[in-house]
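All remarks here apply to the structure that follows.
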Amino acid sequence: MHLTRAPLDSGALAAEVGSAARGATVLFLGTVRDRHLGRAVTGIDYTAYEPLAEATLARIERELAAEHEGLALRVVHRLGALAAGEASIAIAAAAPRREAAFAAARRALERVKREAPIWKLERYADGGQAWREEEPLSPPG
Amino acid sequence: MRIRLLAFATAAQALGAAESEVEVPDGATVGTLARLLGDRHPELAARAARLAFAVDGELARPERALREGCEVALLPPVSGG
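If you read the sequences in order, they're chains X and U.
Counting with this note's numbering, you get residues 556 to 696 for the letters of the first sequence.
Counting with this note's numbering, you get residues -6 to 74 for the letters of the second sequence.
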């Protein structure tokens, strides 16, 4: 499970990847920022093309785990209406050494932002709202 | 043949619907569908260069053939995280 409408449980995610063999666990939380380009943001609605987003997050976990020996990686993205300050994404990476754990957590976030069919509808304090469009998707190959 | 169309974010706005059914000519590809939708929805045509398509849950190139009843998703640039 990589998509949820419930608040993210970062402690549970860290516990999922941790083990005595993995001496480094990195936990990343992305939270809804209260400003965008100087405009006050009250919240963000996240939507996804769920079957493809689910498969994409699973693939990112699998591919990064294959790149780093001993890595355990979990990525969970929240969907629905989030208020400023709430966590929208949690990434837990655990590896025998810290270098791999930091590198995998960062890479997982960057890949989610480029590859997962998930969109932000930002809601502003002035009553306006806008879709954020950042990274165009492209088919593999 | 008829296909099921899903549209997200600004693509849904441009189409006026998140879900619809569209009649396409036999032998149509993703590219055929993109041109047909662009002709009907100028706002979508303006965004065509940055729009991606998925067929039955997989990202697809313009030459990908469509078949009766398949699900095509219109995917604008993404902003997750």
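C-beta: ideal position from N, C-alpha, C; glycine also.
Considering only X:Pro672, X:Ala647, X:Gly573, the residue with the shortest C-alpha distance to U:Leu52 is X:Pro672. By DSSP's assignment, X:Asp600 forms a beta bridge with X:Ala636, X:Leu676. Proximity of the stretch 663 to 681 of chain X to the stretch 603 to 617 of chain X meets the contact definition, three or more beta-carbon pairs being nearer than 8 Å. With a threshold of 16 other beta carbon atoms within 10 Å, X:Leu592 falls short and is exposed.
Chain U has no Cβ within less than 9 Å of the Cβ of X:Tyr679. For U:Glu12, the uninterrupted beta strand (DSSP E) run begins and ends at 12 to 16, by DSSP. The C-beta distance from X:Leu692 to X:Ala659 rounds to 22 Å, too long to fall under 8 Å, and the pair is not in contact. Bounds of the alpha helix (DSSP H) holding X:Ser565 are 565 to 572. Less than 9 Å separates the beta-carbon of U:Ala2 from that of X:Thr602. Taking the C-beta atoms as reference points, U:Ala0 is found no nearer than 9 Å to U:Arg40.
The beta carbon of X:Arg687 falls within 9 Å of a beta carbon belonging to chain U, placing the residue at that interface.
Burial check for X:Thr586: the Cβ neighbour count within 10 Å stays below 16, so the residue is exposed. In the structure shown, the three-state DSSP call for X:Val587 is coil. Interface with chain X (9 Å Cβ-Cβ cutoff): U:Ala27 is excluded. Using beta-carbon distances, U:Ser72 counts as an interface residue toward chain X, with a partner under 9 Å. Membership of U:Leu30 in the alpha helix (DSSP H) is indicated by the continuous run 23 to 33.
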